[in-house]
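S.K.:
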Amino acid sequence: MSQDYVNPFDDEQYRFHVLANARGQYSLWPEFADVPPGWQHRFGPAARAECVDYVERHWQAINPFARTAGGNA
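Residue 68 in full-length UniProt numbering sits at position 68 of the sequence shown; the count goes up by one each step and never skips.
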């Protein structure tokens with residue numbers, strides 16, 4: 001594999017969407033890829049850095065265990 005390979009989910013040259021699922025988790029998703037089932041569009045398309053900024057401002061409970069059954073972490 002080439003050392004120049006960049007994962008398209010990390011590649012700054014692409015534009016991204018911010019997606020959210022029913023658990024309130026967010027994901028950056030490349031504009032060229034279909035939105036997976038269970039995820040909803042929240043922001044974008046925009047530059048990756050803008051999407052990261054959006055997530056940092058809107059994701060209140062970034063801890064993946066914050067929304068478990070019963071609210072216990």
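Ideal placement from N, C-alpha and C gives every residue a C-beta, glycine not left out.
These figures come from a predicted structure and were not determined experimentally.
Would you call residue 18 buried or exposed, if buried means 16 or more other Cβ atoms sit within 10 Å of its Cβ?
M.R.: Counting from one through the sequence shown, the residue named residue 18 turns up at place 18. By the neighbour-count rule (16 or more Cβ atoms within 10 Å), residue 18 is buried.
S.K.: For the alpha helix (DSSP H) that contains residue 49, what are its first and last residues?
M.R.: Here residue 49 corresponds to residue number 49 of the sequence shown, with the count starting at 1. It spans 48-58 - the alpha helix (DSSP H) in which residue 49 sits, taken as one unbroken run.
S.K.: Compute the Euclidean distance between the alpha carbons of residue 11 and residue 31, then round it to the nearest angstrom.
M.R.: On the sequence shown, position 11 is the one that residue 11 refers to. On the sequence shown, position 31 is the one that residue 31 refers to. Cα to Cα, the separation comes out at about 12 Å.
S.K.: If I measure Cβ to Cβ from residue 22 and keep anything under 8 Å in the same chain, skipping five residues before and after, which residues do I get?
M.R.: For the purposes of this step, residue 22 is taken as the residue at position 22 of the sequence shown. Cβ neighbours of residue 22 beyond the five flanking positions: 38.
S.K.: By DSSP, does residue 43 sit in helix, in strand, or in coil?
M.R.: Here residue 43 refers to the residue found at position 43 when the sequence shown is read from its first residue. Residue 43: strand per DSSP, three-state reduction.
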